[in-house]
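Chemist:
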Amino acid sequence: MSACDDETREFRLKAIGGLSEITRERWDAMANPGWRLSPTGTLAAALESESQRVDSISPETEFNPFISHDFLSILEDSGCVGQAAGWLPQHLVLEDPDGEPVAALPCYLKSHSMGEYVFDHAWADAYERAGGHYYPKLQCSVPFTPASGRRFLTSRKIDRNAAIAALSGGLRDLCRLRQASSAHITFMTQAEWDVAGAEGYLQRLDQQFHWHNRGYADFDGFLGDLASRKRKQIRKERREALGSGIDVECLTGADIGEHHWDAFHAFYEDTGARKWGRPYLNRHFFSLLGERLGERVLLVMARREGRYIAGALNLIGSHALFGRNWGCLEDHPFLHFEVCYYQAIDFAIANGLARVEAGAQGAHKLARGYLPAVTRSAHYIAHPGLRDAVEDYLSRERRAVERESAVIATEYTPFRKG
Numbered sequence: 001m002s003a004c005d006d007e008t009r010e011f012r013l014k015a016i017g018g019l020s021e022i023t024r025e026r027w028d029a030m031a032n033p034g035w036r037l038s039p040t041g042t043l044a045a046a047l048e049s050e051s052q053r054v055d056s057i058s059p060e061t062e063f064n065p066f067i068s069h070d071f072l073s074i075l076e077d078s079g080c081v082g083q084a085a086g087w088l089p090q091h092l093v094l095e096d097p098d099g100e101p102v103a104a105l106p107c108y109l110k111s112h113s114m115g116e117y118v119f120d121h122a123w124a125d126a127y128e129r130a131g132g133h134y135y136p137k138l139q140c141s142v143p144f145t146p147a148s149g150r151r152f153l154t155s156r157k158i159d160r161n162a163a164i165a166a167l168s169g170g171l172r173d174l175c176r177l178r179q180a181s182s183a184h185i186t187f188m189t190q191a192e193w194d195v196a197g198a199e200g201y202l203q204r205l206d207q208q209f210h211w212h213n214r215g216y217a218d219f220d221g222f223l224g225d226l227a228s229r230k231r232k233q234i235r236k237e238r239r240e241a242l243g244s245g246i247d248v249e250c251l252t253g254a255d256i257g258e259h260h261w262d263a264f265h266a267f268y269e270d271t272g273a274r275k276w277g278r279p280y281l282n283r284h285f286f287s288l289l290g291e292r293l294g295e296r297v298l299l300v301m302a303r304r305e306g307r308y309i310a311g312a313l314n315l316i317g318s319h320a321l322f323g324r325n326w327g328c329l330e331d332h333p334f335l336h337f338e339v340c341y342y343q344a345i346d347f348a349i350a351n352g353l354a355r356v357e358a359g360a361q362g363a364h365k366l367a368r369g370y371l372p373a374v375t376r377s378a379h380y381i382a383h384p385g386l387r388d389a390v391e392d393y394l395s396r397e398r399r400a401v402e403r404e405s406a407v408i409a410t411e412y413t414p415f416r417k418g
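Counting in my numbering, the sequence shown runs from 1 upward without gaps.
1) Between the Cα of glutamate 305 and the Cα atoms of Ala358, Ala196, Leu242 and Trp35, which residue gives the shortest distance?
2) Please check the pair leucine 19 and serine 78, which I expect to be a contact at CB under 8 Å, by giving their CB distance rounded to whole angstroms.
3) Quick one: any contact between the region 279-295 and the region 232-248, if contact means 3 or more CB pairs under 8 Å?
4) Counting C-beta neighbours from all protein chains within 10 Å, is the total for leucine 177 16 or more, i.e. buried, or is it exposed?
5) Quick one: grab the DSSP three-state call for lysine 236.
6) Just reading off the beta strand (DSSP E) that serine 36 is part of, what are its end residues?
7) Closest by CA to histidine 133, which one among Arg160, Asp173 and Ser182?
8) Contact between the region 81-92 and the region 309-318 is defined here as three or more beta-carbon pairs at a separation below 8 Å; is this criterion met?
9) Three-state secondary structure (DSSP) at tyrosine 308?
10) What are the boundary residues of the beta strand (DSSP E) that includes alanine 45?
11) Tell me the residue span of the alpha helix (DSSP H) that contains glycine 221.
12) Once DSSP output is grouped into helix, strand and coil, what is the label at arginine 150?
13) Closest to leucine 138 by C-alpha separation, out of Thr154, Gly131 and Asp120, would be which residue?
14) Going straight from the alpha carbon of glutamine 203 to that of arginine 376, what length do you get?
15) DSSP three-state call for histidine 133: helix, strand or coil?
16) Please list the terminal residues of the continuous alpha helix (DSSP H) segment that includes serine 461.
17) With glutamine 343 as the anchor, note down where its alpha helix (DSSP H) starts and where it stops.
18) In its own chain, which residues sit with a C-beta less than 8 Å from the C-beta of glutamate 76, not counting the 5 before and 5 after it?
19) Out of Tyr268, Arg160, Glu258 and Arg129, point me to the one whose CA is closest to glutamate 291's CA.
20) Can you tell me whether DSSP reads proline 101 as helix, strand or coil?
21) In this structure, how does DSSP classify serine 318 when only helix, strand and coil are distinguished?
22) So what's leucine 329 in DSSP terms, helix, strand or just coil?
23) Could you check how far apart the C-beta atoms of aspartate 28 and serine 68 are, in whole angstroms? I think they sit under 8 Å.
24) Roughly how many whole angstroms lie between the Cα atoms of glycine 369 and alanine 163?
25) Can you tell me whether valine 102 is buried or exposed, with buried defined as 16 or more other CB within 10 angstroms of its CB?
26) Quick one: is arginine 498 buried, meaning 16 or more other Cβ sit within 10 Å of its Cβ, or exposed?
27) With distances taken from CA atoms, which of Phe322, Val407, His364 and Glu391 is nearest arginine 63?
28) For lysine 236, is the classification buried or exposed, using 16 other Cβ atoms within 10 angstroms of its Cβ as the cut-off for buried?
29) Please return the same chain residues whose Cβ sits closer than 7 Å to the Cβ of histidine 260, not counting the five positions on each side in sequence.
30) Where does threonine 186 sit, in a helix, a strand or coil, going by DSSP?
31) Contact check, proline 372 vs isoleucine 345 under 8 Å by CB: the rounded distance?
32) Please return the same chain residues whose Cβ sits closer than 7 Å to the Cβ of proline 33, not counting the five positions on each side in sequence.
33) Contact check, glycine 170 vs leucine 13 under 8 Å by CB: the rounded distance?
34) Report all residues from its chain with a CB closer than 7 Å to the CB of leucine 167; omit the five preceding and five following residues, and keep chain order.
35) Threonine 145: buried (16+ other C-beta within 10 angstroms of its C-beta) or exposed?
36) DSSP state of isoleucine 246, grouped into three classes?
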């Protein structure tokens, strides 16, 4: 890979074939600077003087479990990510003159567009019909995870914007070296999106629904902010969800045993096979997640007549709860809303978290108190003709997403007006 110069200092950019090629400490110093993670996932500010940072909410400074060495290496070590899965690690790492990693970009060489949640299938089809080869492509993301966060990982030893520019250029070089059609950086922060746009990357917007904590003391405090009809509907849904003798338990850390993962994996496999044909995560992944990041996991499990029937997997950040996977073996009215959305709100309030990110898409979340939130991605397209067509499409798509979010937030809000 080409080197870059910062004044008189020479930096080296390289691609590594997996997280095993870099230590946990070095990666996490770039991924979540200012935070310390124990071997089981207990989180603390790295220095006592930095504890006040928890009160300053920003995607650029908060702890995000998905970009940690633990989470990304779990995907690799379990075989969910790798050559056979069509996600070949090609992580970009920027080293200073002493060989110390100071910036990184999680990156994968891909032979398909599955498991990304930012859809480019139409681009691939159009390019293939025109005689081009869309695959392989480079994907800079957390596999199978539609949660926003830092993608350009930087330590405190380097200027962040300069590092983003160097990694952006290196990503274009890697495209040429790997004969990839394109590079896609998805679910990035707005600050990164702005810099990538200035570096010539095409900019894309999409929409999710997030719940925001307005300092609520309890769930009833949240309900008090809603319009009367929405408040009554949620109370009805919670009552009916726990009918038929269903009870719910919330588990973290050492309370999660292998029998819980056995049950959850069965839910995940059954629901995933019915919804998209091939679940992405294997059983080994969940065991490793509990072993290495158990304190960052919230597993919500529903049980009836002594048997687990449904569950939701969440990961816990410093400021946010991230809803990830849901599955069930029995269908019960409103049980999905209770396990995925209302229990998440309860947990966020009890633990002082600022928001709940409930995953991709889902306008039905609006009535449950989740408001529209814009997500961002940036794209490098090597072929000029395809690039021009995609750029034209994205300019119109951005305007549509912005209009829709504004209309929903003002005209369809579930909260009381005035």
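Glycine is no exception: its CB is placed at the ideal position from the N, C-alpha and C atoms.
Modeler: Inspection of the coordinates gives the following:
1) It is Leu242 whose Cα lies nearest to the Cα of glutamate 305.
2) A Cβ-Cβ distance of about 12 Å is found for the pair leucine 19 and serine 78, leaving them out of contact under the 8 Å criterion.
3) Contact between the region 279-295 and the region 232-248 is absent, because fewer than three Cβ pairs lie under 8 Å.
4) When all chains shown are included, leucine 177 counts as exposed.
5) DSSP places lysine 236 in helix when its eight states are reduced to three.
6) First, the residue type needs correcting, since residue 36 is arginine and not serine in the sequence shown. Start and end: 35-37.
7) Each of Arg160, Asp173 and Ser182 was checked against the Cα of histidine 133, and the nearest Cα belongs to Ser182.
8) In the pairwise beta carbon analysis, the region 81-92 is classified as not touching the region 309-318: fewer than three pairs are separated by under 8 Å.
9) Of the three classes helix, strand and coil, the one that applies to tyrosine 308 here is strand, per DSSP.
10) 43-45 is the extent of the beta strand (DSSP E) around alanine 45.
11) Note, glycine 221: alpha helix (DSSP H), 219-224.
12) Coil at arginine 150, not helix or strand.
13) Measuring from the Cα of leucine 138, the nearest candidate turns out to be Asp120.
14) Straight across, the Cα-Cα distance linking glutamine 203 with arginine 376 is about 7 Å.
15) DSSP places histidine 133 in coil when its eight states are reduced to three.
16) Nothing about residue 461 can be read from this structure; the chain reaches only from 1 to 418.
17) That run of the alpha helix (DSSP H) goes 343-350.
18) Its chain contains Gly18, Leu19, Ser20, Gly82 and Pro89 as the residues whose beta carbon lies nearer than 8 Å to that of glutamate 76, once the 5 sequence neighbours on both sides are disregarded; these appear in chain order.
19) Of the listed residues, the one whose Cα sits closest to glutamate 291 is Glu258.
20) Residue state, collapsed to three classes: strand.
21) Three-state result, serine 318: coil.
22) Here leucine 329 sits in coil by DSSP.
23) Beta-carbon to beta-carbon, aspartate 28 and serine 68 are separated by about 6 Å, close enough to satisfy the 8 Å threshold.
24) The C-alpha of alanine 163 is placed about 38 Å away from the C-alpha of glycine 369.
25) Burial check for valine 102: the Cβ neighbour count within 10 Å reaches 16 or more, so the residue is buried.
26) Residue 498 lies beyond the stretch modelled for the chain, which goes from 1 to 418, so this question has no answer here.
27) The displayed chain sequence assigns phenylalanine, not arginine, to residue 63. Checked all of Phe322, Val407, His364 and Glu391; the closest Cα to phenylalanine 63 is Phe322.
28) Exposed, by the Cβ-count rule.
29) Apart from the 5 residues on each side of it in sequence, histidine 260 sits with its Cβ closer than 7 Å to the Cβ of Leu251, Leu299 and Met301 in its chain, given in chain order.
30) In this structure, threonine 186 counts as strand in the three-state DSSP scheme.
31) The C-beta distance from proline 372 to isoleucine 345 rounds to 17 Å, too long to meet the 8 Å contact threshold.
32) Once the five neighbours on either side are set aside, the close Cβ partners of proline 33 are Ser155 and Arg156.
33) With 8 Å as the limit, glycine 170 and leucine 13 qualify as a contact, their Cβ atoms being about 4 Å apart.
34) Listed in chain order, the non-local C-beta contacts of leucine 167 below 7 Å within the same chain comprise Leu92, Leu94, Ala103, Leu105 and Phe152, local neighbours out to five positions each way being set aside.
35) Threonine 145 comes out buried.
36) Of the three classes helix, strand and coil, the one that applies to isoleucine 246 here is strand, per DSSP.
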